[in-house]
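Each residue of the sequence shown is one higher than the one before, counting from 1 in our numbering.
Note sheet for the following structure.
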Amino acid sequence: IHEMEYAASALPHSVLPVEPGARPKELLMERIAADQRRPSPGQSEPSQPRPNRLQNFFSGFPGFAFASLSLLIAVAALTWVLILNGEVTRLRVEAANLRSELDAQRSSVDQLAISQDQLEEQLAQVSPSPLLVVSLQGTEHQPQAYGQLIADPNSQTAVLTVAALAPLQAGQVYQVWLIQGETPTSAGFLEVDSRGQGVAILNSNTPVGSFDALGVSIEPEGGSDQPTGNIVILSNLS
Numbered sequence: 001i002h003e004m005e006y007a008a009s010a011l012p013h014s015v016l017p018v019e020p021g022a023r024p025k026e027l028l029m030e031r032i033a034a035d036q037r038r039p040s041p042g043q044s045e046p047s048q049p050r051p052n053r054l055q056n057f058f059s060g061f062p063g064f065a066f067a068s069l070s071l072l073i074a075v076a077a078l079t080w081v082l083i084l085n086g087e088v089t090r091l092r093v094e095a096a097n098l099r100s101e102l103d104a105q106r107s108s109v110d111q112l113a114i115s116q117d118q119l120e121e122q123l124a125q126v127s128p129s130p131l132l133v134v135s136l137q138g139t140e141h142q143p144q145a146y147g148q149l150i151a152d153p154n155s156q157t158a159v160l161t162v163a164a165l166a167p168l169q170a171g172q173v174y175q176v177w178l179i180q181g182e183t184p185t186s187a188g189f190l191e192v193d194s195r196g197q198g199v200a201i202l203n204s205n206t207p208v209g210s211f212d213a214l215g216v217s218i219e220p221e222g223g224s225d226q227p228t229g230n231i232v233i234l235s236n237l238s
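Following this line, the structure appears as structure tokens:
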């Protein structure tokens with residue numbers, strides 16, 4: 001055994017060294033370079049930015065984005081057209097209403113013109129009568145009172161104005177009389193204010209110009225068929 005061990009240990013020294021060829025050496029160097037470039041197990045490659053879902057979605061459908069944009073533009077254009085159509089319709093309705101109002105006003109103007117022409121023709125056929133204007137004076141019962149009567153002699157109405165009449169007691173009124181000859185006819189009542197002023201519209205069954213005089217008397221509330229109280233105003237009409 002010792003001899004065999006001695007012989008085995010001498011074998012390496014008995015073999016002549018052999019120089020390796022160029023090709024094995026190149027293969028070895030390429031293997032070493034590849035091992036150096038390979039990352040270690042604990043080292044990870046730098047992470048690349050991950051595209052978001054929307055980018056992935058549109059990148060998967062390249063024509064979808066353009067189609068969506070075109071659809072939005074079409075919807076907006078259609079909405080705008082509908083709005084414009086509604087505005088045009090409203091303006092047309094307003095214009096029609098204005099034309100109707102204008103036609104109605106023109107018709108009214110034409111009718112007024114016709115009425116004016118007819119009135120002028122009627123006035124031309126009627127001979128105007130002079131107004132009857134009479135100054136009225138108070139009697140001895142109220143000498144401070146005065147007034148005026150204005151009337152168309154051919155009319156059955158007249159306007160009476162008075163001033164400076166004395167205030168009346170409760171239950172009394174001023175009654176106006178149109179007198180023809182010796183016959184008085186009631187023409188209404190006269191109300192006065194605290195200063196004794198008043199205006200009354202008188203009415204008669206016959207033309208005012210047919211009466212001879214006008215009088216104002218104090219009567220019980222409700223009036224009388226004939227003058228019963230003091231006559232405070234009395235004047236001739238002719």
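Even glycine gets a Cβ: it sits at the ideal position worked out from N, Cα and C.
Where the beta strand (DSSP E) containing residue i begins and where it ends
| i | result |
| --- | --- |
| L214 | A213 to P220 |
| L168 | Neither: L168 is in no beta strand (DSSP E) and is coded neither H nor E. |
| T161 | T157 to A163 |
Proximity below 8 Å, CB of residue i to CB of residue j
| i | j | result |
| --- | --- | --- |
| A213 | L202 | no |
| P153 | P184 | no |
| S235 | L136 | yes |
| A158 | G147 | no |
| V134 | L149 | yes |
| A145 | V176 | no |
CB-CB length for residue i against residue j, believed under 8 Å
| i | j | result |
| --- | --- | --- |
| L190 | Y174 | 4 Å |
| A211 | L178 | The question names Ala, but residue 211 is Phe in the sequence shown. Confirmed, about 4 Å. |
| V208 | A151 | 4 Å |
| N230 | S217 | 6 Å |
| G171 | E221 | 5 Å |
One or two residues paired with residue i in a DSSP bridge
| i | result |
| --- | --- |
| V134 | L149 |
Going residue by residue through the stretch 170-238, where are the continuous alpha helix (DSSP H) segments of at least 4 residues, counting only ones entirely within it?
Correct list: empty.
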